[in-house]
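> Numbering (the numbering used here), first residue to last: 4 to 314. Cβ coordinates follow ideal geometry from the N, Cα and C atoms, glycine included.
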Amino acid sequence: MMLLNLLWILAPLFIGFFTVVRSKTILKIIDHSLMALIYLILLVMGLNLSAMENLNSELSKILWQTASYIVCILGMNMLFFYYLDKNLPVKTEKAGGYQSSTLSLVFNAVKLLGSIVIGLVLGKLLLANFSIDLPTFKHIADWLGQSALMTLLLCVGIQLRSNGISLKAVFLNRYGLILSVAIILSSFLGGMLAAMLNGRPLLEGLAVSSGFGWYSLSASVLQKSLGPTVGSVAFFNDLFREFFAFAVIPLIMARLPLSAIGSGGATSLDFVLPLIQKTGGIKVVPIAISFGFIVNIIAPFLLVLFGSLAQ
4 MMLLNLLWIL APLFIGFFTV VRSKTILKII DHSLMALIYL ILLVMGLNLS
54 AMENLNSELS KILWQTASYI VCILGMNMLF FYYLDKNLPV KTEKAGGYQS
104 STLSLVFNAV KLLGSIVIGL VLGKLLLANF SIDLPTFKHI ADWLGQSALM
154 TLLLCVGIQL RSNGISLKAV FLNRYGLILS VAIILSSFLG GMLAAMLNGR
204 PLLEGLAVSS GFGWYSLSAS VLQKSLGPTV GSVAFFNDLF REFFAFAVIP
254 LIMARLPLSA IGSGGATSLD FVLPLIQKTG GIKVVPIAIS FGFIVNIIAP
304 FLLVLFGSLA Q
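1) State yes or no: is the C-beta of Q314 within less than 8 Å of the C-beta of S228?
2) What first and last residue would you give for the alpha helix (DSSP H) that runs through D273?
3) Please classify P303 as buried or exposed, where buried requires at least 16 neighbouring CB atoms within 10 angstroms.
4) When you compare the CB positions of S118 and Y42, do they come within less than 8 Å of one another, or not?
5) Does any heavy atom of the ligand FMN sit closer than 7 Å to the C-beta of F191?
6) Whole angstroms is fine: what's the gap from S71's alpha carbon to G208's?
7) Determine the DSSP secondary structure at K94, reduced to helix, strand or coil.
8) M55 by DSSP, collapsed to three states: which one?
9) Among L305, N51, I255, S293, which residue has its Cα nearest to the Cα of K281?
10) With respect to the alpha helix (DSSP H) encompassing K149, which residues constitute its N-terminal and C-terminal limits?
11) Closest to L188 by C-alpha separation, out of L40, C75, A54, K64, would be which residue?
12) Considering only the alpha carbon of each residue, which of Q162, T95, L58, V93 lies closest to F21?
13) Please identify the residue among L137, K94, I44 whose C-alpha is closest to the C-alpha of L259.
14) Secondary structure at L175, three-state DSSP: helix, strand or coil?
15) Could you tell me whether the stretch 118-127 touches the stretch 44-58, using the rule of 3 or more Cβ pairs below 8 Å?
16) Along the alpha helix (DSSP H) that carries D221, what are the first and last residues, could you check?
17) Can you tell me which of G268, F309, L147, I279 puts its alpha carbon nearest to the alpha carbon of S183?
18) What do you get for S26, buried or exposed, if any count of 16 or more other CB atoms within 10 angstroms of its CB means buried?
19) Below 8 Å on the Cβ atoms is my guess for A210 versus L306; work out the distance and round it to an integer in Å.
20) Whole angstroms are fine: how far does the CA of G265 sit from the CA of Y178?
21) Using DSSP with H/G/I as helix, E/B as strand and the rest coil, what is R244?
22) Any idea what DSSP makes of F215, helix, strand or coil?
23) Determine, using beta-carbon pairs with one atom in the stretch 53-63 and one in the stretch 125-138, whether at least three such pairs fall under 8 Å.
24) Helix or strand or just coil, what does DSSP make of T28?
25) Please classify A263: is it buried, with 16 or more other beta-carbons within 10 angstroms of its beta-carbon, or exposed?
26) Would you say I297 and C158 are within 8 Å of each other, going by their C-beta atoms?
27) Anyone know if the C-beta pair for G310 and G193 falls short of 8 Å?
28) How many angstroms separate the CA atom of N111 from the CA atom of F247?
29) For P15, count the other beta carbons within 10 Å of its own beta carbon; 16 or more makes it buried, fewer makes it exposed. Which is it?
30) From this set, L261, A291, I65, S107, which residue's C-alpha is nearest L92's C-alpha?
31) Take the Cβ of P138 as the centre, count every other Cβ of all protein chains shown within 10 Å, and call the residue buried at 16 or more, exposed below.
32) According to the neighbour-count rule (16 or more other Cβ atoms, all chains shown, within 10 Å of its Cβ), is I285 buried or exposed?
33) Is the beta carbon of S293 sitting closer than 8 Å to the one on I65?
34) Helix, strand or coil for V233, going by three-state DSSP, please let me know.
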């Protein structure tokens, strides 16, 4: 069963990576499709939440567990990264007047959270006003979520290939490899610590900690294997990493470049890469690409592995 889940996750990702797309028009369509698919996946999460019993108590549990995971995982991450910065110095370039848009970041987060709320309200309305039995409702939502996730992974694979990233360059970058090992080990420690604080199984803590900032993937995979509560915790935990990265990268890049790059996790390859380049210069970009690529490849495997073991 775990092997089938792993193939379900990795197959579209690698099919996309080995698909050559040179048309700029098609690549632009894929870029726009990615955000639409993310909104759809989050809307499906809201649909699944609407079908839960004792929803109010579950929401308070989600918020508390999310807070503990954020503190423990990011805390451990930054401790490991700080140690690397003190022992593996990296030269950066002075930032060229970068100004981050807090309003834009907040607006994007509101749109993401709004997708879940819309799904939650829509699900409640459908269940209350239409003769849809609960098993059928959940089956339709699961099918919709799985289809969206597979399409998203295919698009992500195509994007990785279209950026001209060679596997040799990725896996031979010393800093990228070391940073990848650091985020994996520190996230595992933080995830297990948070699980213990919440009285949850350690394997569940390892599962939640395996998203590394890829919130659309972790939410969908863990919702499927461990239920909507854990899926929601994983989503909010990974979404907060993006906020955290945008806030700290401009502040610490000059003194702690590896910590700055590592703070973005999987998003260091895409969403926060422009910020990394603007604040640290072109020299740190290969490190960010190597680190982000490795984390993006390993995250699906770890999510499926620990999600299956924790069932």
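The structure says:
1) In this structure, Q314 lies near S228, with their beta-carbon atoms less than 8 Å apart.
2) It is not in any alpha helix (DSSP H) - D273 carries neither H nor E in the DSSP assignment.
3) buried
4) Against a cut-off of 8 Å, the Cβ pair of Y42 and S118 comes out as a contact.
5) The ligand content of the structure shown is nil, which means the ligand FMN is not present either.
6) 11 Å
7) coil
8) Correct three-state label for M55: coil.
9) The option with the nearest alpha carbon to K281 is I255.
10) Checking the displayed sequence, the identity of residue 149 turns out to be Gln instead of Lys. First-last of the alpha helix (DSSP H) with Q149: 137-165.
11) Of the listed residues, the one whose Cα sits closest to L188 is C75.
12) Q162
13) K94
14) coil
15) yes
16) The displayed chain sequence assigns Ser, not Asp, to residue 221. DSSP places S221 inside the alpha helix (DSSP H), whose first and last residues are 218-229.
17) Nearest option by C-alpha distance: G268.
18) The residue in question, S26, is exposed, as its Cβ has fewer than 16 Cβ neighbours within 10 Å.
19) The pair is a contact, with the Cβ atoms about 7 Å apart (cut-off 8 Å).
20) 11 Å
21) R244 falls in the helix class under three-state DSSP.
22) coil
23) yes
24) helix
25) Residue environment analysis places A263 among the buried positions, since at least 16 neighbouring C-beta atoms fall within 10 angstroms of its C-beta.
26) no
27) no
28) Taking the straight line joining both Cα atoms gives about 14 Å.
29) buried
30) In the sequence under discussion, the amino acid at residue 92 is Pro, which differs from the Leu named in the question. Comparing Cα-Cα distances from P92 to each of L261, A291, I65, S107, the minimum goes to L261.
31) exposed
32) exposed
33) no
34) helix
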